[in-house]
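First residue of the sequence shown? That's 382 in our numbering, and the numbers climb one at a time after it.
Glycine residues also receive a C-beta, built at the ideal position from the N, C-alpha and C atoms.
These numbers were taken from a predicted model, which means no experiment stands behind them.
Report on one structure; see the data block that follows.
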Amino acid sequence: MHSLNDYGHIPYLLTHEKYPQHAIPNTTNALDGGIFSPLKTLLRVHLGISRELKEKLIVYLENH
């Protein structure tokens with residue numbers, strides 16, 4: 382089993398505390414529930430479309 386130190390991530394572990402002026406969240410919850418969840422739901426609704434069209438939809442949504 383690898384640790385954070387094995388990958389060199391230790392210096393970044395408490396970045397949110399180092400720069401309080403940037404209001405960096407200490408979790409990825411906003412991404413998981415705020416961005417990825419609706420996107421996964423949208424793609425799940427359209428199960429019949431190809432992977433290529435799903436990728437185009439993701440690119441479109443990223444840019445709008």
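I need the straight-line Cα distance from residue i to residue j, nearest angstrom please.
i      : j      : result
Leu438 : Gly414 : 19 Å
Lys399 : Leu412 : 21 Å
Taking the CB atoms as reference points, tell me whether residue i and residue j lie closer together than 8 Å.
i      : j      : result
Leu420 : Leu434 : no
His397 : Ile391 : no
Would the C-beta of residue i count as close to the ligand SAH, meaning under 7 Å from any of its heavy atoms?
i      : result
Glu433 : The ligand SAH is not among the ligands present in this structure, which contains no ligands whatsoever.
With DSSP as the reference, label residue i as helix, strand or coil.
i      : result
Ser431 : coil
Gly415 : helix
Ile439 : helix
Asn410 : helix
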